[in-house]
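Written below as structure tokens is the structure these notes are about.
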Ligand code: SF4
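Numbering (this note's numbering), first residue to last: 15 to 238.
So, in structure tokens, the structure goes:
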């Protein structure tokens, strides 16, 4: 079990830690950005729904041809859900994803004049869209910063002693307190890149980690 001292987060210490690791992560991952390929908010919305329990690489392979076929929300809304299921099958959980994509696109076509909405409130009206997906869209398409609580962000925030929560909604608010608002989206993307490259789930490579000096979990045998 992790040492109890890591269960108490001092917000000013956490803020200072964020300030210290921020420039290092920016230098280390100068190209950190959303890895889901897209050219507009609709494509990113569909890709983010497909990315649940699936790798971004797989989603990018599946969507490459799909986005030539489906160009508008109305295109998706008009398609038989069974056809969508077959087209996205390799991303897993395809029945649920197909149902949500079709239903979300029906709402976008009917209630939002075919445009993906640009507020958290409206995005949350779409089936299959939670705060994480909404923040992906807002941060990457509408220049509205948001903390994106994906699996890497949750794991790294806990290892770095920035939050003790594993509930994404609570962890999101913890990070909002200690990361400057303008940096919310990029900070999330930097943690994702660091999680993929060095601080992975099973075997974090603390010896190669450029932020190890600031990490309370560095070199520990057990991790959150
Ligand atoms: S020191 Fe280890 S646990 Fe901490 S962020 Fe780096 S790789 Fe992850």
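From the three backbone atoms N, C-alpha and C, an ideal C-beta is built for every residue, glycine too.
Exercise. Below 6 Å CB to CB, which residues in the same chain sit around residue 27 once its five sequence neighbours on both sides are set aside?
Key: Numbered from 1 along the chain shown, position 13 holds the residue referred to as residue 27. So the list is empty, once near-sequence residues are dropped.
Quiz item: Helix, strand or coil: which one does DSSP assign to residue 207?
Solution: Start at 1 with the first residue of the chain shown, and residue 207 comes out as number 193. Helix at residue 207.
Exercise. Express the C-alpha separation of residue 89 and residue 139 in angstroms, rounding to a whole number.
Key: Start at 1 with the first residue of the chain shown, and residue 139 comes out as number 125. Start at 1 with the first residue of the chain shown, and residue 89 comes out as number 75. Looking at the two C-alpha atoms, the distance is approximately 20 Å.
Practice problem: Tell me whether residue 87 sits in a helix, a strand or coil according to DSSP, three-state version. | Solution: Mapped onto the chain shown, residue 87 falls at position 73. In the structure shown, residue 87 adopts helical secondary structure according to DSSP, grouped into three states.
Self-check item: Cβ-based burial, residue 191 [other Cβ within 10 Å; buried from 16]
Solution: As a first step, residue 191 is located in the chain shown; it is residue number 177 there, counting from the start. Exposed is the call here.
Quiz item: If you count every other CB in all the chains shown that lies within 10 Å of the CB of residue 292, and 16 or more means buried, which is it?
Solution: It is not possible to answer for residue 292, since the shown part of the chain is limited to 15 through 238.
Quiz prompt | Proximity to residue 77 [Cα-Cα], best of 211, 59, 218 and 132 | solution = As a working mapping, residue 77 is identified with position 63 in the chain shown. For residue 77, the nearest C-alpha among the options comes from 59.
Quiz prompt | Collapsed DSSP secondary structure at residue 201 in the structure displayed | solution = Position 187 of the chain shown, counted from the first residue, corresponds to residue 201. Looking at residue 201 - three-state DSSP - the assignment turns out to be helix.
Quiz item: Can you find a heavy atom of the ligand SF4 that lies under 7 Å from the Cβ of residue 219?
Solution: Working through the chain shown from its first residue, we reach residue 219 at position 205. True, at least one ligand heavy atom lies under 7 Å from that Cβ.
Quiz item: Start and end of the alpha helix (DSSP H) containing residue 63?
Solution: Position 49 of the chain shown, counting from 1, holds the residue named residue 63. Counting along the chain, the alpha helix (DSSP H) containing residue 63 begins and ends at 55 to 64.
Exercise. Flag this pair as yes or no: are the beta carbons of residue 70 and residue 49 separated by less than 8 Å?
Key: In the chain shown, residue 70 corresponds to position 56, counting from 1. In the chain shown, residue 49 corresponds to position 35, counting from 1. Yes, these two residues count as a Cβ contact at 8 Å.
Quiz item: Hey, residue 64 and residue 122 are a contact pair by Cβ (cut 8 Å); roughly how many whole angstroms apart?
Solution: Locating residue 64 in the chain shown gives position 50, counting from the first residue. Locating residue 122 in the chain shown gives position 108, counting from the first residue. 16 Å between Cβ atoms; not a contact.
Exercise. For residue 229, collect the residues of the same chain with a Cβ closer than 6 Å to its Cβ; drop the 5 residues on either side in sequence, then sort them by chain order.
Key: The count along the chain shown starts at 1 and reaches residue 229 at position 215. Cβ contact annotation for residue 229 (same chain, cutoff 6 Å, sequence separation greater than five): 174, in chain order.
Quiz prompt | Nearest-angstrom beta carbon gap, residue 120 and residue 91 [assumed within contact, 8 Å] | solution = Taking the first residue of the chain shown as position 1, residue 91 is located at position 77. Taking the first residue of the chain shown as position 1, residue 120 is located at position 106. Sure, about 4 Å apart at Cβ, within 8 Å.
Quiz prompt | beta-carbon residue 174 near the ligand SF4 non-hydrogen atom, thresh 7 Å | solution = Taking the chain shown and counting its residues from 1, the one referred to as residue 174 is at position 160. The answer is yes for residue 174.
Quiz prompt | Nearest neighbour of residue 161, chosen from 170, 143 and 185 [CA to CA] | solution = Here residue 161 refers to the residue found at position 147 when the chain shown is read from its first residue. For the set 170, 143 and 185, the Cα lying nearest the Cα of residue 161 is the one of 185.
Practice problem: Look at residue 39 and residue 166 and say whether their C-beta atoms are less than 8 Å apart. | Solution: Stepping through the chain shown from its first residue, residue 39 is reached at position 25. Stepping through the chain shown from its first residue, residue 166 is reached at position 152. Contact flag unset, no.
Quiz prompt | Rounded distance between the beta-carbons of residue 55 and residue 155, thought under 8 Å | solution = Here residue 155 corresponds to residue number 141 of the chain shown, with the count starting at 1. Here residue 55 corresponds to residue number 41 of the chain shown, with the count starting at 1. That pair is a contact at about 4 Å.
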